Amino acid sequence: MMESSAERPPGAGLADHKADADRLAQLEGLAERLYSSSDAGERRQAQAALAPFSTNSECISQCQFILDHSTKPFALLLAGSSLLRLITQFWNAFTVDQTVDMRNYLLNWLATNCQKDLPPFVFAALIQVVCRMAKLGWLHASHQDIVTDIAKFLEYSLSHCILGLQLLTELVDEMNHAIQSETISQQRKTAVSFRDKALLHVFQISLNTLKQLIASSPSSSPPPAPHEKCMLQALTLSLKCLSFDYIGTCADESTEEFGSLQIPSSWRSTVEDSSILRLFFDILIKNKPPLASKCMEILVQLASCRRSLFSTEELRKAYLKCLCVSTSEIIVSHSQVLADKESYIHFCRLLVAMKANYQLQDLANVDEYGPWIRAVANFTVTSFDNWKWVGGATHYLVTLWARLTLSIPFMRGDLPTFLDTLVPQVTQAFIDTRMKAAGHAVDEDDIASFFEESAIAEQLHYIPTLCRHVYPATFSYLSSRLDPLLQTYREAVERLRQERITDQQFWKNLSVGEASIAWLIYVVGSVISGHITTMSSRDDQITIDGQLSARVFLILDTVTTRVASSVAVGAPVTPYIDLAIIYFFQQFRKAHIGQEAISRGIRILDPVSPSPQPQIYQAMSESIGSPTDQASVLTAMLQKIVSTLKLWARQTNVCDDALTLLHDLSSGYTTAKLLLQIDAAKSILTNHGNSEVFPFLDVPANSKLRTKFYITWGRMVFSEPNIDYFDQFMEPFDARFTHLSQHSNFRSEEVKRLGIGLARDLRGIVQSTYNKMAYNIVFDWIYPKYFGQVLRLLESLWDVPSCAVPVLRFTAEFVLNRTQRITFSPSVPNGIILFKESSKVIAIYGNRILACTDAVTDIYKDRYKGIGLCMDILYNGLTGDYTNFGVFRLYNDPSLTTAFQTVVKLILLFPLNELLAFKKISSKYFNLMEILYRNHIDLMVELDAAIFHALLSSMADGIANFDARVSSLAASAVDNVATFAFKESRKSTKSDAYKKFDAQIVKCGDLLVQLLRLLMSLIVFENAPNYWSLSRPVLSLLLNMEQAFNTYKQEIILAQPPELQGAVVAAFERLMDGVRPNLDNRNRDKFTQNLTLFRNDFRKWAVKPSSL
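Going by my numbering, the sequence shown opens with residue 2, and the numbers climb by one from there.
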């Protein structure tokens, strides 16, 4: 244990270890190499030599020796970082008095050395140790005086004051975050206790320190550097206190949510007085960054204080008034504060926090609301005008105005909000700003970044709210911007169609115009997807939707002409208008297509037509000048999708968006029914395999999109009204299989191309079969007529991953019983046939891979991916519930055994740890092992003893995996093994499978014991997210190996300090209370409950043995 050097008698502490200068020099050299060497080999050697400093509690005394005698920064860092790990790991091995002595020793060391010229990382490491000890021991009263002890630092020199503030800052941060050895409940218990007993005191210390610093600082000149550093540290401490997780919400800071700050009621007298706001606003105005930006962050937190904290309505109103007045002053009179980018961003966040925490009604009730809202509007418009400098802060300003707009319906009384005038101004300024940004992106050749999907989504998020507030004004504005651009664009495209233009300015102007049009189409799409508001009549809003939509539909032919003419002559062209149109179509589909969307709209009864006509189509008809209905809109959409797939065949992202739109259109019952009644769709039914119609199918980069394309068309064909189109739809596939059968050389490039296409296309069609009827139709079409050619493809091209992998993926999908679609009549053998054919696929691919000794360039692509798919095929077949596997044994059919043995050989073809290093393969492997150990252990016990041992021992790696799903699967597999052993061992007549299993387990030695110890260690000493899953196999293992569990129990007991051993014994006795020696579900649940209580009690005071 640590003692102060001044208090230790001669020969005590580290003197007992006979440590001398040579040992110190050795440790200093190792630390120097560990932290500063540029040679990786040296660092590894130093790390190996210093390994005990991370695992051996006896090294704590050596850390003290370093602190007492060394002045080398890296040696001191080694001592600090080692103390942090060792004290955290072995905390329960120390008494409370010993930990208090250690803490006091470190505080004394910091106080003694704080004025020495040591790097900050030395103090940071030791400060963290002190605060970690305070956290771990906080629930003991002896550790709760640390705030008082640290406060003494503030009474001495400025260096001591800074150090004390750093200690308090780290203490608050440490209390607010869980460490690995803590459960969430333990962390919250500590955090709540610290919040109630010390946090307010710490916050008041920060406020008092700030006031003292302000009083002592010269008013006419900037504060000296140490004075400024102390003030910055005090501000940081205030921010940490206000950012504390008071109620355990564990908010993710990256979400930027502006919720209410749940400050405890005990803080009321400190916070509700608006003087606290004036304190930070004064510091903000009088200082430069980083003090100013830190103040702004604090003000964001203070603006978010829950409204119920205030004891009276007058105090709350005064507080809000102070916020409004102060923010207005900053905008109008102290704009220099916002010259700093970080301060500017936090000021925008402050405005959002004010609105997020207060209702518009509260803001409007403030006398200064009018000047404030106008100042904020001017600030917003000015910010938009300076969009290059503002950057991401634009998002906060848009969020502010959207939140203000959304609050209008909840206003009571006749208080003016001025938003009817200001919101359109802000909205128009924002849209204009983005148009300028689009033009600038063209000039800078950075248009791809501007139209990046996530950036566009962020910009459009609040557009519907803002634009639909005063919708007629928005319509007038958008029309005034869009109509001239569209007219100019039509003229430019017409000129392009008639002549070849080389004028560079023309092309630049055209690109800028296209970027602006694309942005406005995105805006229109976003606006029409918005909800109907109460600010104007429902009829008027739907009419405006139709008039805006008509403008987009009218430009479709012009865009297609532009792209087609440019592609024909090799002229420059970008896809962003097409992407914007696809986005618009998606939003139009959601709002106005389909039965649900139509029912939300206003129906206008046509006296001629017996069916009601949605009003939006009437408005579109008037704007377009021809009758428009849902069918004509779908026709236009489908034609645009087809032209996009044709003209942008080599742009994978464009094709993907177009196919997504087609897929979404086909998902609805109404639209799927209507689509196949359109002439364009009927043409596609028989020409979908024609590369001239869909050239994107022949682009290698689009090969994955083929599956998506056929999922969509398959979904439409398999919908109930369209099932009669199936034979017509499959005619191109019949032709391709016929063409394939005429080839004698299946290694030719043409066969490869055909094979890849067929495999991907058929996978899409099979994937679209969502019920029994559809699947049976496809099954009868492909088997037995064409499946032989699939096998021949794989047999010939197994070593070509680009072909073999799609064939394997198709097979895995073909045998997957998705939504119970594979249900055959009992009178047909189709289920058995299906598994037999999949077994052939595994055997064909597997046997050739096993026989191949050629080196490969990409092991994952050439081998591991195919092996993983073979595991998928076998797993899907075993879990499909459409095959009686007893039939294979009854009739000596080797299909099951062949598939199983082939997959096992493939798994063990490469080192298992290398194979499982790939996340996807690892998931497939443990999926398969779980089902094999659950339902087919008779196959597992037939394996060679070494293979059986390798597979079972791999479950330990799975259990310890960081992926909770993989870990749960491995634990379930172990439970299946132990359950089989327990149940079979109690039968009077032992089955052949059990006899072979018992022989295998004997050869495995203590493997099951190791698995039990691993599970107990993870459950008791780690914070496993899948705790319940890990607990399930413990009972089954324990019942099989009671003696081994007793040995483990004794090891745990003996590892504890003598004073704790009695409590540990009692905890182990309670573990089996009410648990009977069986494995029924109720008994398992009882054991899991006991294990949870055991774990919670055990972790409070027990020490983890070093052997675990």
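All C-beta atoms in this analysis are idealised placements derived from N, C-alpha and C, irrespective of residue type, glycine included.
Source: prediction; values computed, not measured.
- C349 has no beta-bridge partner at all, per DSSP.
- Counting the other Cβ atoms within 10 Å of the Cβ of P425 gives 16 or more, which makes it buried.
- Rounded to the nearest angstrom, the gap between the Cα atoms of Q902 and P722 is 45 angstroms.
- Of the residues F697, T629, S336, G832, the one whose Cα lies closest to the Cα of G547 is T629.
- A straight line joining the alpha-carbon of G531 with that of I464 spans about 9 angstroms.
- A residue is called buried when at least 16 other Cβ atoms come within 10 angstroms of its Cβ; H347 meets this threshold and is buried.
- One thing to note: C132 has its Cβ within 8 angstroms of the Cβ of E171.
- With a threshold of 16 other beta carbon atoms within 10 Å, V272 meets it and is buried.
- Only residues of its own chain outside the window of five on either side were considered, and among them I833, D894 have a CB closer than 8 angstroms to the CB of V888, listed in chain order.
- Nearest C-alpha to I448 among S517, Y490, S336, A565: S517.
- Cα atoms of Q652 and T661: separation of roughly 14 angstroms, rounded to the nearest angstrom.
- P291 sits in coil when the DSSP states are folded into three classes, being neither helix nor strand.
- Here L1015 has A957, I960, A961 as same chain residues with Cβ atoms under 8 angstroms from its own Cβ, once five neighbours each way along the sequence are excluded.
- Looking from the CA of L929, the closest CA among S955, H396, E915 belongs to S955.
- Ranked by Cα distance from I874, the first of D855, L913, N818 is N818.
- Here the C-alpha atom of I922 lies approximately 47 angstroms from the C-alpha atom of L238.
- Ranked by how close their Cα comes to the Cα of F710, the residues L666, S742, V752 have L666 in first place.
- DSSP lists L262 as the bridge partner or partners of C306.
- Excluding the 5 residues flanking it on each side, A357 has same chain C-beta neighbours closer than 6 angstroms at F259, in chain order.
- In this structure, V367 sits away from W402, with a CB-CB distance that is not shorter than 8 angstroms.
- For Q65, the enclosing alpha helix (DSSP H) covers residues 60 to 70.
- Per DSSP, M412 lies in no alpha helix (DSSP H) segment and is marked neither H nor E.
- Counting the other CB atoms within 10 Å of its CB gives F419 a total below 16, which places it among the exposed residues.
- Taking one beta carbon from each stretch, the region 1006 to 1023 and the region 1031 to 1040 have 3 or more pairs nearer than 8 angstroms; the two touch.
- Nearest in C-alpha terms to L107, of all of L407, I128, D993, L119, is I128.
- In the three-state DSSP reduction, M1042 falls in the coil class, being neither helix nor strand.
- Rounded to whole angstroms, L236 and E229 show a C-alpha spacing of 10 angstroms.
- Proximity of the region 505 to 521 to the region 433 to 441 meets the contact definition, three or more beta-carbon pairs being nearer than 8 angstroms.
- It is roughly 21 angstroms from the alpha-carbon of R413 to the alpha-carbon of R469.
- Between K322 and A1068, the alpha-carbon positions lie close to 59 angstroms from each other.
- Secondary structure at K705: helix, using DSSP grouped into helix, strand and coil.
- For the region 489 to 566, the full-length alpha helix (DSSP H) segments reaching 4 residues or more read 505 to 529, 539 to 555 along the chain.
- Y995 is classed as buried because its beta carbon has at least 16 other beta carbons within 10 Å across all chains shown.
- The beta carbon of I545 sits closer than 6 angstroms to those of Y472, F476, all from its chain and outside the five residues before and after it, given in chain order.
- Looking at the backbone, the Cα of H664 and that of F815 are separated by about 21 angstroms.
- When C-alpha distances from S275 are compared across E314, L759, M355, A319, the shortest belongs to A319.
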